[in-house]
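Working notes, beginning with the structure itself.
Residue numbers (UniProt numbering): 1 to 375.
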C-alpha cells in the first residue's frame, strides 16, 4: 500500500509540473499573438472574412447556378406532348445516372432524312416547359427533336454539376448514334443559356459527329458572368480554381469548326448580348451566322418575328452543303493533288458506300487523288 501511495504521489506531482510548464509555455506564446493581432488584426480579420466568403460561395455555387425546382413541382411533374407521336426515353450515363429524354419525330415527307436537333435547355425547369418552343421547331423546321433533362432536373436522377452535365450530353449523343431511324449525318445541337455552354462543350469534343451547332443567349463563361452580376465585388481578379463551375465556352468555341449559328436577343437582361457577339467573333467556323433580334429577351427570343426563318435558312444551308451533289462540286476543285493513294484505299471504299451517285472522279478528289489514278 505504501509503495502504491508513493507511485500515485509521484504521478500527481509529475502531472502538476507538466500542467505548470504548459501554462508557462502558453503565456509565453500568447504574448506575441496579442502583439501580432494588435498590429495586424484588421488585415487578419479581413483575410479570414474573405476566406470564409470564398468557401461559402464555392460550396453553394451549384445552388446559385442550377434551379431545377423552379417553377415549383418541376421535379415532380414533366408535361408530355399531346396529340403527336413521341417517345419518353430513359438512358444511363457512364457514371450510372438515369436521364429522361423526350423524342419527337417528324413524320412528313422525307422524314427518314430529316435532321435531328438535340435540345439543351437553360438552368431552370424541365424539358416539358420547352415543349411549346420544340413543337414550333418541329412544324417550321421539319426536324426531329430530342429534348434532354440534365441530371437533377425533371425525372432525371442525380445532382447537377458541370462535369455531370458534360457526361449527360455525351450519353445523349451516344444514344442518338444507336438509333437506326435517325440520320447520323444530320445531327444539330441547340442550346439556350446554360444549354449553350453544354452544346459548345459537346461540339468541341465531337466535331466529327456533329453537323452544326446553334446557341442562343449563352455566355462566355461563368467567371465572366460572375464579373457581370457581381460588379461591386472584384470577381474578375479571382483565379479560376475559385470557381466550382466554369463552363469556359470562350475557350472551347475555338474547337468548333462546324457550321455555327449564334442567336442573340438584344433585350436580354440576364446575359449581356455582347457575349454572343464575342462568341461569334471567336468562332473559327467558315460557315457561321449571327442572328440578332432587337426585341428578344433571355427566354423568349424564339417568339420574335423571323426567328424560325433564321433557323430554317441555316439548317437548309448546312444540309445542302452535305448533299452528294454539293460535295461533288467541291471535290472536283482539288483533283490536281495526290496524297498517299495506297494508304487510303480503304477510306475511299468506305466513302463509296456512303455516297452514292457521285462521279468516280469526284469521289477520288475527297482524298486528294488525281482522277486518273488506277486502283
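C-beta: ideal position from N, C-alpha, C; glycine also.
With 16 other Cβ atoms within 10 Å as the buried cut-off, status of residue i
{"i": "residue 320", "result": "exposed"}
{"i": "residue 76", "result": "exposed"}
{"i": "residue 301", "result": "buried"}
{"i": "residue 151", "result": "buried"}
{"i": "residue 80", "result": "exposed"}
{"i": "residue 130", "result": "buried"}
{"i": "residue 354", "result": "For residue 354, the predicted structure reports a pLDDT of 48, less than 50, and the residue's modelled location is therefore unreliable. A value from the coordinates is still provided. The residue is exposed, with fewer than 16 neighbouring Cβ atoms inside 10 Å."}
{"i": "residue 60", "result": "exposed"}
{"i": "residue 254", "result": "exposed"}
{"i": "residue 337", "result": "Residue placement at residue 337 is poorly supported in this model, since its pLDDT is 40, which falls under 50; the coordinates still yield a value, given next. Flag for residue 337 reads exposed."}
{"i": "residue 283", "result": "buried"}
{"i": "residue 245", "result": "buried"}
{"i": "residue 159", "result": "exposed"}
{"i": "residue 78", "result": "buried"}
{"i": "residue 137", "result": "buried"}
{"i": "residue 184", "result": "exposed"}
{"i": "residue 263", "result": "buried"}
{"i": "residue 132", "result": "exposed"}
{"i": "residue 101", "result": "buried"}
{"i": "residue 186", "result": "buried"}
{"i": "residue 196", "result": "buried"}
{"i": "residue 281", "result": "exposed"}
{"i": "residue 279", "result": "buried"}
{"i": "residue 43", "result": "exposed"}
{"i": "residue 343", "result": "Annotation note: pLDDT 36 at residue 343 (below 50); position unreliable, coordinate value reported separately. The residue is exposed, with fewer than 16 neighbouring Cβ atoms inside 10 Å."}
{"i": "residue 307", "result": "buried"}
{"i": "residue 66", "result": "buried"}
{"i": "residue 72", "result": "exposed"}
{"i": "residue 109", "result": "exposed"}
Proximity to residue i [Cα-Cα], best of the options
{"i": "residue 192", "options": "169, 294, 219 and 166", "result": "219"}
{"i": "residue 261", "options": "223, 286 and 182", "result": "286"}
{"i": "residue 312", "options": "293, 142 and 278", "result": "142"}
{"i": "residue 91", "options": "139, 249, 146 and 243", "result": "146"}
{"i": "residue 226", "options": "111, 248 and 137", "result": "248"}
{"i": "residue 124", "options": "256, 224, 69 and 113", "result": "69"}
{"i": "residue 58", "options": "273, 239, 305 and 289", "result": "239"}
{"i": "residue 188", "options": "47, 93, 317 and 274", "result": "317"}
{"i": "residue 243", "options": "236, 250 and 223", "result": "223"}
{"i": "residue 97", "options": "280, 47, 164 and 306", "result": "164"}
{"i": "residue 64", "options": "293, 306, 290 and 194", "result": "194"}
{"i": "residue 386", "options": "167, 72 and 113", "result": "Beyond the ends of the chain as shown, which are 1 and 375, falls residue 386; an answer cannot be given."}
{"i": "residue 105", "options": "294, 307 and 176", "result": "176"}
{"i": "residue 112", "options": "67, 180 and 155", "result": "180"}
{"i": "residue 295", "options": "190, 161 and 304", "result": "304"}
{"i": "residue 288", "options": "72, 205 and 310", "result": "310"}
{"i": "residue 55", "options": "291, 290, 293 and 241", "result": "241"}
Pair within 9 Å by beta-carbon distance, residue i and residue j
{"i": "residue 99", "j": "residue 148", "result": "yes"}
{"i": "residue 172", "j": "residue 127", "result": "no"}
{"i": "residue 267", "j": "residue 228", "result": "no"}
{"i": "residue 198", "j": "residue 169", "result": "yes"}
{"i": "residue 315", "j": "residue 212", "result": "yes"}
{"i": "residue 210", "j": "residue 276", "result": "no"}
{"i": "residue 221", "j": "residue 256", "result": "no"}
{"i": "residue 86", "j": "residue 103", "result": "yes"}
{"i": "residue 153", "j": "residue 74", "result": "yes"}
{"i": "residue 217", "j": "residue 299", "result": "yes"}
{"i": "residue 265", "j": "residue 273", "result": "yes"}
{"i": "residue 144", "j": "residue 116", "result": "yes"}
{"i": "residue 89", "j": "residue 135", "result": "no"}
{"i": "residue 201", "j": "residue 252", "result": "yes"}
{"i": "residue 62", "j": "residue 161", "result": "yes"}
Residue-chain proximity (residue i, chain B), Cβ-Cβ < 9 Å
{"i": "residue 89", "result": "In the displayed structure, chain B is absent; only one protein chain is listed."}
Residue i: CB within 8 Å of a non-hydrogen atom of the ligand MG
{"i": "residue 70", "result": "The ligand content of the structure shown is nil, which means the ligand MG is not present either."}
Self-check item: beta strand (DSSP E) runs contained entirely in the stretch 252-318, provided each spans 3 or more residues
Solution: Here the runs fully enclosed are 260-265 and 288-293.
Practice problem: Any chance you could list the alpha helix (DSSP H) runs of at least 4 consecutive residues sitting entirely within the stretch 66-131, in chain order? | Solution: Taking only runs of at least 4 residues, no alpha helix (DSSP H) segment lies wholly in the stretch 66-131.
Quiz item: Curious, which full-length beta strand (DSSP E) runs of at least 3 residues does the UniProt domain "AB hydrolase-1" (115-231) contain?
Solution: Counting only runs that start and end inside the UniProt domain "AB hydrolase-1" (115-231), the beta strand (DSSP E) elements of at least 3 residues fall at 116-120, 144-149, 187-192 and 212-216.
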